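Student:
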Amino acid sequence: MTRPYAMLAKRIIPCLDVKGGRVVKGVNFIGLRDAGDPVECAARYDAEGADELTFLDITASHEQRDIIFEIVSATANQAFMPLTVGGGVRREDDVRRLLKAGADKVSINTAAVSDPDFVGAAARRFGAQCIVVAVDARRRGGDLELATDGGGTDGRPAWAGTYPELLVDGASADGWEVYTHGGRRPTGIDVVKWCRRMEELGSGEILLTSMDRDGTKQGYDCHLTAAVSDAVGVPVIASGGVGNPGHMFEGFTKGKADAVLAASIFHYGEYTIAECKEYLVERGVTVRV
Amino acid sequence: MIAVVDYGMGNLRSVSKALERVGADTEVTADARTIERADAVVLPGVGAFARCMENLSQSGLEGPVREAAATKPFLGICVGMQILFEESEEFGRVAGLGILPGRVRRFDGAGGTLKVPHMGWNTIEKRGEPPLLAAVEEGARVYFVHSYYVEAGDPEIVAATTTYGSVVCSAAWRKNLFAVQFHPEKSQAVGLAILADFCRLAGAVGRPPA
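Protein chains in written order, with the numbering used here: chain F, 0 to 288; chain D, 870 to 1079.
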């Protein structure tokens, strides 16, 4: 830790995937009346000392999309902690409605790739502090079979020809590439350059998910996280791959992350937030206890 | 009744819900007369300083807000704190309300080593015994999200400081007027305790906290 702001605590952020108003990926809290109720889960994480909470709305059907606003509003009425909501945010009006419902930050993923100016417009209108750009990254030269949409440049946005400086270097196999659609569609965009651009446009924070590590429990991709954290001046949240508190320690130290996102290790009760914080405190990481 | 001033700058719901949680009769309002008859006034604010000033002036609420800041328990939060000061260096120079001496400056990123916005839970160090922060124990953390900070023009008004790169003013206090850079409404139990103390100062506690 060489940074001069040792007093600011590193954050631990549980993430709840919500579909049609229900928590998916089986949250397994003991003692909840309804473990699928996002509002109850949020209250539990609030009580357990989460530093923030993130809802990722993965509802596909259009008719059910409005349910998230009710959930955000019910959560914000009882949990006095920062709340980020993402998933399907495509228009300024989506941002406006989520903030009005009680979200403090809104995360934008696919819509940022298809229209980067959307990020700029949203940051100007609502303030950079409430705009998070979520980036799904995959190591280049990795397992391209996972790119089920054909690989290569199928997912390349229409503006790609205009901004060649944001694309991956074709002459090298190094680095990471931005994917969209849940990590299935490659875009040809270089992750580090993309994150810098998002900062320029007004993103106040980067939520960086390693699609290589997501679900593996092998730890965050600390090379990726550090590369982005060094390149941008805004806070970076590491995501994808955490399996134990040691991974969080690595994310904060090797990965230089400002915050870590975690889902299943909390949902299934493998570790509590307090246990993770205790582990981090023993190793000299500043967290809120 | 505590009036939460609605001048089109962001989410007032969290502030009003948090005040209600600690027992205050709360009204979110864009009405001058409601602000005039309130026992106490809360001025929230997010986003750009210039936009907050512009909206406040266009809403016709600048007069009632000035009057309230001079006469009754008053709490500015985040940009609602910043605009109480003389000016901000956001986008050149923008004049604030000038009720408190000092200016608003941008965090210097220190060559990329200091992340801006200052986002997350940080400690506050009290100066003296500000009644608003009576419940805040040493080492307690509150939630911050801001890229600009107040440089107070008079050390007497500094109620608390926070270290982020440098030591900045994270709470100000002069008589009836309180201002905090952090978000008490997002600071869980510590934040609710601060709001409860504000309500007590305002004599506006209707019922004990749930």
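All C-beta atoms in this analysis are idealised placements derived from N, C-alpha and C, irrespective of residue type, glycine included. These numbers come from a predicted model, not from an experiment.
Looking only at its own chain, which residues have a Cβ that is under 6 Å from the Cβ of Ala146/F, when we skip the five neighbours before and after it?
Tutor: Your numbering for residue 146/F matches position 147 in the first sequence. At Ala146/F the pLDDT is 45, less than 50, meaning the model places this residue with poor confidence; the figure from the coordinates comes in the next sentence. Once the five neighbours on either side are set aside, the close Cβ partners of Ala146/F are Pro185.
Student: Rounded to whole angstroms, how far is the Cβ of Lys216/F from the Cβ of Gly254/F, which I believe are closer than 8 Å?
Tutor: Against the first sequence, residue 216/F aligns to sequence position 217. Against the first sequence, residue 254/F aligns to sequence position 255. The Cβ separation is near 16 Å, so there is no contact.
Student: Between which residues of its own chain and Leu944/D is the CB-CB distance below 8 Å, once the five residues before and five after are set aside?
Tutor: By 1-based counting over the second sequence, the position of residue 944/D is 75. The residues are Ala909, Val910, Val911, Leu912, Leu1001, Phe1047, Ala1048, Val1049 and Phe1067.
Student: Output yes or no for whether 8 Å exceeds the beta carbon distance between Arg137/F and Trp175/F.
Tutor: On the first sequence, residue 137/F is found 138 positions in, with the first residue counted as 1. On the first sequence, residue 175/F is found 176 positions in, with the first residue counted as 1. Yes; because the gap between Cβ atoms is below 8 Å, this pair is in contact.
Student: Just the C-alpha distance for Trp990/D and Ala170/F, rounded to the nearest angstrom, thanks.
Tutor: Here residue 990/D corresponds to residue number 121 of the second sequence, with the count starting at 1. Here residue 170/F corresponds to residue number 171 of the first sequence, with the count starting at 1. Answer to the nearest angstrom: the Cα atoms are 43 Å apart.
Student: For Gly877/D, which option in Val891/D, Thr895/D, Glu896/D and Met922/D has the closest C-alpha, if you only look at C-alpha atoms?
Tutor: By one-based count along the second sequence, residue 877/D stands at place 8. Per the Cα distances, Met922/D.
Student: Report yes or no: is there a C-beta of chain D within less than 8 Å of the C-beta of Gly149/F?
Tutor: Residue 149/F sits at position 150 when you count from the first residue of the first sequence. Unreliable positioning characterises Gly149/F in this predicted model, as indicated by a pLDDT of 42, which lies under 50. A coordinate reading is not provided.
Student: Examine chain F for any beta-carbon lying closer than 8 Å to the beta-carbon of Ser883/D, and answer yes or no.
Tutor: One-based indexing of the second sequence puts residue 883/D at position 14. Yes, because at least one Cβ of chain F sits closer than 8 Å to the Cβ of Ser883/D.
Student: Round the Cβ separation of Val88/F and Ser106/F to the nearest angstrom and send it over; I've been treating them as touching at under 8 Å.
Tutor: If you number the first sequence from 1, residue 88/F lands on position 89. If you number the first sequence from 1, residue 106/F lands on position 107. Yes, Val88/F and Ser106/F are in contact; Cβ-Cβ is about 7 Å, under 8 Å.
Student: According to a CB-to-CB cut-off of less than 7 Å, which residues of the region 914-935 of chain D neighbour chain F?
Tutor: So the close ones are Val915, Gly916 and Ala917.
Student: Under DSSP, the beta strand (DSSP E) around Ile104/F begins and ends at which residues?
Tutor: Counting from one through the first sequence, the residue named residue 104/F turns up at place 105. Position check: residue 104/F holds Lys in this sequence, whereas Ile was assumed. Lys104 to Ile107 is the span of the beta strand (DSSP E), which, as asked, contains Lys104/F.
Student: Give the residues of chain F in contact with Arg974/D, contact being defined as C-beta atoms less than 7 Å apart.
Tutor: In the second sequence, the residue the question calls residue 974/D occupies position 105. Going along chain F, no residue has its Cβ under 7 Å from Arg974/D, so there is no contact; the nearest lies around 16 Å.
Student: Along the chain, where does the alpha helix (DSSP H) containing Arg123/F start, and where does it finish?
Tutor: If you number the first sequence from 1, residue 123/F lands on position 124. Segment Pro115 to Phe125, the alpha helix (DSSP H) holding Arg123/F.
Student: Count the other CB atoms, across all protein chains shown, that sit within 10 Å of the CB of Tyr1012/D; report buried if there are 16 or more and exposed otherwise.
Tutor: The count along the second sequence starts at 1 and reaches residue 1012/D at position 143. Looking at its Cβ environment, which holds 16 or more other Cβ atoms inside 10 Å, Tyr1012/D is buried.
Student: Expressed to the nearest angstrom, what Euclidean distance is found between the alpha-carbon atoms of Leu983/D and Asp977/D?
Tutor: Position 114 of the second sequence, counted from the first residue, corresponds to residue 983/D. Position 108 of the second sequence, counted from the first residue, corresponds to residue 977/D. Each residue's alpha carbon lies about 8 Å from the other.
Student: Given a limit of 9 Å on CB to CB distance, which residues of the region 1041-1055 of chain D reach chain F?
Tutor: Answer set for the region 1041-1055 of chain D: His1052, Pro1053, Glu1054 and Lys1055.
Student: Go ahead and pull the three-state DSSP assignment for Ile11/F.
Tutor: Here residue 11/F corresponds to residue number 12 of the first sequence, with the count starting at 1. Of the three classes helix, strand and coil, the one that applies to Ile11/F here is strand, per DSSP.
Student: Would you list the one or two residues that DSSP bridges to Trp175/F?
Tutor: Taking the first residue of the first sequence as position 1, residue 175/F is located at position 176. Answer is Arg138/F.
Student: Please confirm whether Ile1164/D and His1052/D have their CB atoms less than 8 Å apart.
Tutor: The requested residue 1164/D is not part of the displayed model; chain D covers only 870 to 1079.
Student: Contact defined as beta carbons within less than 8 Å: I believe Ser113/F pairs with Pro163/F. What is the distance between those atoms, to the nearest angstrom?
Tutor: By one-based count along the first sequence, residue 113/F stands at place 114. By one-based count along the first sequence, residue 163/F stands at place 164. With a Cβ gap of about 18 Å, Ser113/F and Pro163/F do not count as contacting.
Student: Per DSSP, which one or two residues make a beta bridge with Gly85/F?
Tutor: The residue you call residue 85/F lines up with position 86 of the first sequence. Answer is Leu55/F and Ser106/F.
Student: DSSP three-state label for Glu144/F, please.
Tutor: On the first sequence, residue 144/F is found 145 positions in, with the first residue counted as 1. Note that Glu144/F scores a pLDDT of 44, beneath 50, so its modelled location is shaky; the value from the coordinates is reported in the next line. In this structure, Glu144/F counts as helix in the three-state DSSP scheme.
Student: Do you know how far the Cα of Ala893/D is from the Cα of Ala917/D?
Tutor: Position 48 of the second sequence holds residue 917/D. Position 24 of the second sequence holds residue 893/D. Roughly 29 Å between the two C-alpha positions.
Student: Using a beta-carbon distance below 8 Å, is Ala887/D in contact with chain F?
Tutor: By one-based count along the second sequence, residue 887/D stands at place 18. At least one chain F Cβ lies under 8 Å of Ala887/D.
Student: Report the residue from Asp229/F, Ile272/F, Lys276/F and Leu279/F whose alpha carbon sits nearest the alpha carbon of Gly980/D.
Tutor: Numbered from 1 along the second sequence, position 111 holds the residue referred to as residue 980/D. Closest by alpha carbon: Asp229/F.
Student: If you compare alpha carbons, which of Phe265/F, Pro37/F and Tyr278/F is closest to Glu47/F?
Tutor: Here residue 47/F corresponds to residue number 48 of the first sequence, with the count starting at 1. If we check each option's Cα against that of Glu47/F, Phe265/F comes out closest.
Student: What does the Cβ neighbour count give for Gln927/D, buried or exposed, with the cut at 16 atoms within 10 Å?
Tutor: As a first step, residue 927/D is located in the second sequence; it is residue number 58 there, counting from the start. By the 10 Å Cβ count, Gln927/D comes out exposed.
Student: I'd like the list of long-range same chain contacts for Ala225/F, defined as Cβ closer than 6 Å, with 5 residues on each side in sequence excluded.
Tutor: Within the first sequence, residue 225/F is the residue found at index 226, counting from 1. So the list reads Gly254 and Lys255, once near-sequence residues are dropped.
Student: Leaving out five residues on either side along the sequence, give the residues of the same chain with a beta carbon under 8 Å from the beta carbon of Ala73/F.
Tutor: Here residue 73/F refers to the residue found at position 74 of the first sequence. Within the same chain, Ala73/F has close Cβ partners Val38.
Student: DSSP three-state label for Gly150/F, please.
Tutor: Counting from 1 along the first sequence, the entry for residue 150/F is found at position 151. Note on Gly150/F: pLDDT 45, under 50, position unreliable in the model; the coordinate value appears next. If DSSP states are grouped into helix, strand and coil, Gly150/F belongs with coil.
Student: From which residue to which residue does the alpha helix (DSSP H) around Cys129/F run?
Tutor: Mapped onto the first sequence, residue 129/F falls at position 130. Here Cys129/F belongs to no alpha helix (DSSP H), and DSSP marks it neither H nor E.
Student: Below 8 Å between beta carbons: does that hold for Met6/F and Thr208/F?
Tutor: Residue 6/F sits at position 7 when you count from the first residue of the first sequence. Residue 208/F sits at position 209 when you count from the first residue of the first sequence. Not in contact: Met6/F and Thr208/F (Cβ atoms no closer than 8 Å).
Student: In the DSSP assignment, what are the bridge partners of Cys1038/D?
Tutor: Against the second sequence, residue 1038/D aligns to sequence position 169. The partner list for Cys1038/D (beta bridge, DSSP) reads Val1019/D and Thr1030/D.
Student: Of all the options Val231/F, Thr161/F and Ala111/F, which has the alpha carbon lying nearest to the alpha carbon of Ala177/F?
Tutor: Counting from one through the first sequence, the residue named residue 177/F turns up at place 178. The sequence shown places Val at residue 177/F, rather than the Ala named in the question. Among Val231/F, Thr161/F and Ala111/F, the Cα nearest to that of Val177/F belongs to Ala111/F.
Student: Would you list, in chain order, the members of the region 91-117 of chain F that have their beta-carbon closer than 9 Å to a beta-carbon of chain D?
Tutor: Correct list: Leu98, Lys99, Ala100, Gly101, Ala102, Asp103 and Lys104.
Student: Report buried or exposed for Val1037/D, applying the criterion of at least 16 other Cβ atoms within 10 angstroms of its Cβ.
Tutor: Position 168 of the second sequence, counted from the start, is the residue given in the question as residue 1037/D. So Val1037/D ends up on the buried side.
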